[in-house]
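Novice: Read in our numbering, the sequence shown has 684 at position 684, and its numbers run on one by one without any break.
I'd like to ask some things about the structure below.
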Amino acid sequence: MAPIFSSFPDKPDHNLLELGILELWEREGTFEKLRELNREGPRFSFVDGPITANNAMGVHHAWGRTLKDVFQRYKALRGFHQRYQNGFDCQGLWVEVEVERALGLNSKREIEEYGLAEFAERCKERVAKFSEVITEQSRRLGMWMDWDADYYTFTDTNIEYIWRFLKTVYERGWLYQGHRSTVWCPRCGTSISQHEIFAGEYRELEHPSLYVRFPLKGREDEALSVWTTTPWTLPANVAAAVNPTADYGLRENGDWVATALYPDEAFVRSALGGELVGLEYEGPFDHLPAQQGVVHRVIPWDDVALDEGTGIVHIAPGAGAEDFELSRIHDLPVLAPLDEAGRMLPGFGFDGLASDEVAEPVIRDLRHRGLLVEAGTIVHRYPTCWRCGTPLVFRVVDDWFISAEEIRQPMLDANAKVEWTPAFYSKRMDDWLRNMGDWNISRKRYFGLPLPFYPCDDCSTLTVIGSREELEERALSGLDQLQELHRPWIDGVAVACSGCGKEVRRVPEVGDAWLDAGIVPLATLGWENPEFVSQGYATGAGKGLTTADLPDHAYWEKWFPANWVSEMREQIRLWFYSISFMSVTLTGRSPYERVLTYEKLLDETGREMHRSWGNAIAVDDAFDRMGADVMRWQFSVQPPNQNLLFGFGPANEIKRRLLTLWNSAKFLTDYANIGGWRPTWDDLVSDPGGELQPLDRWLVARTNAFVEEATGAYESWLTVNVVRGFDAFVEDLSNWYIRRSRRRFWDGDEVAFRALWYALVQGVRVVAPVMPFLSDHLWRALTSPCEDAPESVFLARWPEVPEPNTALVAEIAELRRVVELGRQARSAAGVNLRQPLRALVVEGASLAEGHSGELIEELRVKEIIFGRVEASELRVKPNLRLLGPKLGAELVSVRTALEADEFEELADGGFHAAGHDLSADEVLVERVGKAGWSVAASDGVTVALDSRLDEELVREGRVYDLIHRVNSMRKEMGLELTDRIELTLPEGDRDLLEHQDWIARETLAVSVGLGSELSIAETA
Ligand SMILES: [Zn+2]
Ligand SMILES: [Zn+2]
1 MAPIFSSFPD KPDHNLLELG ILELWEREGT FEKLRELNRE GPRFSFVDGP ITANNAMGVH
61 HAWGRTLKDV FQRYKALRGF HQRYQNGFDC QGLWVEVEVE RALGLNSKRE IEEYGLAEFA
121 ERCKERVAKF SEVITEQSRR LGMWMDWDAD YYTFTDTNIE YIWRFLKTVY ERGWLYQGHR
181 STVWCPRCGT SISQHEIFAG EYRELEHPSL YVRFPLKGRE DEALSVWTTT PWTLPANVAA
241 AVNPTADYGL RENGDWVATA LYPDEAFVRS ALGGELVGLE YEGPFDHLPA QQGVVHRVIP
301 WDDVALDEGT GIVHIAPGAG AEDFELSRIH DLPVLAPLDE AGRMLPGFGF DGLASDEVAE
361 PVIRDLRHRG LLVEAGTIVH RYPTCWRCGT PLVFRVVDDW FISAEEIRQP MLDANAKVEW
421 TPAFYSKRMD DWLRNMGDWN ISRKRYFGLP LPFYPCDDCS TLTVIGSREE LEERALSGLD
481 QLQELHRPWI DGVAVACSGC GKEVRRVPEV GDAWLDAGIV PLATLGWENP EFVSQGYATG
541 AGKGLTTADL PDHAYWEKWF PANWVSEMRE QIRLWFYSIS FMSVTLTGRS PYERVLTYEK
601 LLDETGREMH RSWGNAIAVD DAFDRMGADV MRWQFSVQPP NQNLLFGFGP ANEIKRRLLT
661 LWNSAKFLTD YANIGGWRPT WDDLVSDPGG ELQPLDRWLV ARTNAFVEEA TGAYESWLTV
721 NVVRGFDAFV EDLSNWYIRR SRRRFWDGDE VAFRALWYAL VQGVRVVAPV MPFLSDHLWR
781 ALTSPCEDAP ESVFLARWPE VPEPNTALVA EIAELRRVVE LGRQARSAAG VNLRQPLRAL
841 VVEGASLAEG HSGELIEELR VKEIIFGRVE ASELRVKPNL RLLGPKLGAE LVSVRTALEA
901 DEFEELADGG FHAAGHDLSA DEVLVERVGK AGWSVAASDG VTVALDSRLD EELVREGRVY
961 DLIHRVNSMR KEMGLELTDR IELTLPEGDR DLLEHQDWIA RETLAVSVGL GSELSIAETA
């Protein structure tokens, strides 16, 4: 007869097992069946934040994608109908920079020489390639999505929706072109917006550190001493700022500095900063053409720092954000020294040199003219470009902005209704919204959202195009070549100015990539779209990549807002911000009701992962070496408000824990095959029936309590509590239930089989969203003998369990705590586990009182006494760190008194000794057993173990050792569990014959005799 259950190998090969399950899901159409099953169910709306289709997935992406999948699977098990739409981010600086690298292009000039049409094709090819790679990797991770119907942000449909948003903000008067100082990446040749600076990295960089003299006009031999780390800004200097309320002093050498920065110096004369304001000085580069006509003077500025430099700040409004603001207040000229590529413009003296190449010639020049006080270097934290890592500079340029003023409060109001997990991130979002500046939406780049702005030089009207239809209506030429709404094709279309009708051209800028991702909750759900267009999302650059539909407005009404979104914490300033900005603007509502956000992924030692540091883990490598379940477990067990330390070390620990689950299932199926036990589906639908013993009843209650606990954890979006709960459940199941029930399985006790099977199957169902592969494998292994069981755990719905018997669960939890303390006490006494002892006193564990029998067995003692632990005594020592300084020479007498136990215990936990009151923290208290007793305590439970041995106990200990040795010998001889033996003891163990029945029973010996040495023989 074939076995009832298929047999288990000794341990799972996670990678192999997972590939097998993937194949099964594919062959059986499990995901499609699940969607069909839930089609009429209530809706759960999740909107996926797009992953950039620009490179292979990283393990940090796998974290977010795991959480998304966990909750989609959980909701599916609860019967919810879902959309399962994955999204790819496809345009903007991300993609451009990678394509430039691949093509070996190093500047915007080289891109233009390469050709924008060709460049756009390369960008699209990269997106097509990596969206496929990411799809494959996501499937391998176990992510269930509607993989053919992904949205791509570079489709014409998505672009049109953004145009519509831009037209709306224009009509509301929020759109403006600003002449602003912006943070600029000289390599990418574009502005970097506020949120992108935060996305970038501050690096420790070495920069020049210069002290320069600005001679004062009309004050012979007096000069301002200024400090700068950006020599390239000196040719653009127009003013020097002092703190008007700070003290300044004139040094012997004639330099003015803030006295706070030179505390040890004597000054010839001193003055308040305010007294210096208005003085004029000779600029460091007055001879340069750009400086002609500039009058340099001292201005007041309250923010001048008095903790570094000289307290006098050099101001170049064309090269710094705060400097630029000061130029507006004090009406200073703005000299902008850098071109797009960060090179010095003509007129600034160092034509064509990059900003960092200017340092040496500037220093030489200043030294030559006697203006240099000192030149050195400084290492400081400096912002770099989030895409290419180049150090950022400031430039004054014309950029397009959306004013945040009117939308700020509505966005705050919308956020107030959002439920954040963990909750305190809601405040982080509020902080960001309160401080957000206007949104800089323009990038001077190529493959991005084309800003639909058509300025007219003649009548100064700005025409903003809101849709493709409108573009076609207004077009004067170029429609015939418009293959998609990207550069260069869009630039070939000329339109009629809405003011005067004259032909106007589009501005060259493209949009911030966060516009592309921000429109998603409107664009993918068909907001205000009059009719459902099948495959209406496969437009423009997205043709052939997807079959996604463009739904109609009724559909949007059903699915907006998202019930839940989840991304990492930095998305507060990026995606959460941009989708909220655009949705609140267009619909007045937050696009999401709940958010789960989480911190950063680091390597297992807590360092950032970098390919160049050799500590990065490629996601494919992780699949092969740890498996997707173990990865998902690492992601899920992580509290979301802390950084995740990810690696193979933690993975091995998880594998070890999963082995306990595996061994428990193997134990059940091995013995069920021997005993011929077959499960029935009915046992799962209700509690298992039959004559349950107390331990079975506990296991069922423990299982039901876990189901309830895990359900609550999923409902609060906290996978960490699901995983921790499962871990504790499996530990109870294996190390309490199975360990204490082994004999019943050897005896083929049907009730025990039924109880254990119930626990395992319910446990696996509940953890399945976290660990889908192993769970479905175990589900299939455990339920295949049941005729009515669904073929996959994901088609089995969520378990419905009766109210758990929580009193019983608490009782055994306390019993297990006593056992744990008893073991601690034994180990502290240095007595091995096999040695029987006389007694254990238990205090503070009233729930465990009915379980003396179990305690006697578990702790191998003769007697359990529930009562006061009087065996304990106090040992009090002085806390020298505190008492040393306090008592001085008196310490000796206090210490002597404490050592001699001459002290009184005070009510507040302190002590009185040698005439001194000592507070609880001034002493170290140890409660120890009296001679021969070992004490352990935690959480209000105290146990005291009598560790004294007598002759009888020692003899019994030897019997246990003997039984253990004989059973090892049986195993070595390859005997079956049921084989009988003849046992011979050495002469020295003659006294053990007193226990020969016991020995025979435990070793399956038919006879116990004496001989020269310990030996066993199989009976004939
Ligand atoms: Zn850059
Ligand atoms: Zn016009």
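Note that the Cβ used here is the ideal one computed from N, Cα and C, for glycine as well.
Any heavy atom of ligand 2 closer than 7 Å to the Cβ of Cys459?
Specialist: yes
Novice: Following a CB-centred definition, is Arg387 positioned closer than 7 Å to any heavy atom of ligand 1?
Specialist: Yes, since a heavy atom of ligand 1 falls inside the 7 Å radius drawn around the Cβ of Arg387.
Novice: Please identify the residue among Leu855, Ala223, Val238, Trp232 whose C-alpha is closest to the C-alpha of Gly249.
Specialist: Ala223
Novice: Could you pull the DSSP bridge partners for Cys185 from this structure?
Specialist: Thr190
Novice: Mind checking who His912 pairs with in its DSSP beta bridge?
Specialist: Glu904, Asp917
Novice: Between the C-alpha atoms of Phe794 and Gly606, what's the straight-line distance to the nearest angstrom?
Specialist: 36 Å
Novice: Alpha carbon to alpha carbon, how far is Pro317 from Thr1036? Give it in angstroms, no decimals.
Specialist: In the structure as shown, the chain begins at 1 and stops at 1020. Residue 1036 is therefore absent and cannot be evaluated.
Novice: Which residue or residues does DSSP assign as beta-bridge partners of Gln177?
Specialist: Trp400
Novice: Is the beta carbon of Ala825 less than 8 Å from the beta carbon of Ala936?
Specialist: yes
Novice: Which two residues bound the contiguous alpha helix (DSSP H) that contains Lys11?
Specialist: Premise fails: Lys11 is in no alpha helix (DSSP H) and is neither H nor E.
Novice: Using a threshold of 8 Å, state whether the C-beta atoms of Val894 and Val925 are closer than that.
Specialist: no
Novice: Does the beta carbon of Lys68 fall short of 7 Å from some heavy atom of ligand 2?
Specialist: Checking every heavy atom of ligand 2 against the Cβ of Lys68, none is found closer than 7 Å.
Novice: If we require 4 or more residues per run, which alpha helix (DSSP H) segments fall completely within the stretch 462-486?
Specialist: Complete alpha helix (DSSP H) runs here, min 4: 468-474.
Novice: Under three-state DSSP, which class holds Leu877?
Specialist: According to the sequence as given, residue 877 is Lys; it is not Leu. In the structure shown, the three-state DSSP call for Lys877 is strand.
Novice: Within the stretch 48-92, note down every full alpha helix (DSSP H) run reaching 4 residues or more, in order along the chain.
Specialist: 59-77
Novice: With hydrogens ignored, establish whether the beta-carbon of Arg187 is closer than 7 Å to any heavy atom of ligand 1.
Specialist: yes
Novice: Quick one: grab the DSSP three-state call for Glu791.
Specialist: Glu791 falls in the coil class under three-state DSSP.
Novice: Return the bridge partner residues of Phe394 from the DSSP annotation.
Specialist: Val183
Novice: Should Ala705 be labelled buried (16 or more other beta-carbon atoms within 10 Å of its own) or exposed?
Specialist: buried
Novice: Could you tell me which residues DSSP puts in a beta bridge with Ile1059?
Specialist: Outside the displayed range of the chain (1 to 1020) lies residue 1059, so it cannot be described from this structure.
Novice: Quick one: what's Phe745 bridged to in DSSP?
Specialist: Note: Phe745 sits in no beta bridge, so no partner.
Novice: Count the other C-beta atoms from every protein chain shown that fall within 10 angstroms of the C-beta of Gln72, then say buried if there are 16 or more, exposed otherwise.
Specialist: buried
Novice: Roughly how many whole angstroms lie between the Cα atoms of Arg955 and Ile654?
Specialist: Spanning the two alpha carbons is a distance of roughly 41 Å.
Novice: For Ile1016, report the span of its beta strand (DSSP E) as first-last.
Specialist: 1015-1018
Novice: Return the first residue and the last residue of the alpha helix (DSSP H) that Phe267 is part of.
Specialist: Element bounds for Phe267: n/a, residue is neither H nor E.
Novice: How would you call Gly290, buried or exposed, if buried means at least 16 neighbouring beta carbons within 10 angstroms?
Specialist: Position check: residue 290 holds Ala in this sequence, whereas Gly was assumed. Its Cβ being crowded by 16 or more others within 10 Å, Ala290 is buried.
Novice: Tell me whether Cys123, by its Cβ, gets closer than 7 Å to a heavy atom of ligand 2.
Specialist: no
Novice: How many Å lie between Leu906 and Ser919 at the Cα?
Specialist: 9 Å
Novice: Is the stretch 590-599 in contact with the stretch 536-545, if contact means three or more CB pairs nearer than 8 Å?
Specialist: Segment contact: the stretch 590-599 against the stretch 536-545, fewer than three CB-CB distances shorter than 8 Å; contact not assigned.
Novice: Cα-Cα, which of Ile572, Ser580, Ile981 is closest to Ala562?
Specialist: Ser580
Novice: Between Ile812 and the rest of its own chain, which residues show a CB-CB distance below 6 Å, the 5 nearest in sequence each way excluded?
Specialist: Trp698
Novice: From the DSSP secondary-structure annotation, give me the bridge partner or partners of Asp255.
Specialist: Ala223
Novice: Are at least three pairs of beta-carbons, each pair with one atom in the stretch 87-98 and one in the stretch 435-446, less than 8 Å apart?
Specialist: yes
Novice: How many angstroms separate the CA atom of Leu235 from the CA atom of Gly389?
Specialist: Here residue 235 turns out to be Pro, not Leu, going by the sequence shown. Using only the alpha carbons, I get a separation of about 26 Å.
Novice: Below 8 Å on the Cβ atoms is my contact criterion, and I expect Ala781 with Ala665 to pass it. Report the Cβ-Cβ distance as a whole number of Å.
Specialist: 7 Å
Novice: Terminal residues of the continuous alpha helix (DSSP H) containing Gly249?
Specialist: DSSP places Gly249 in no alpha helix (DSSP H) but in the uninterrupted beta strand (DSSP E) bounded by 247-250.
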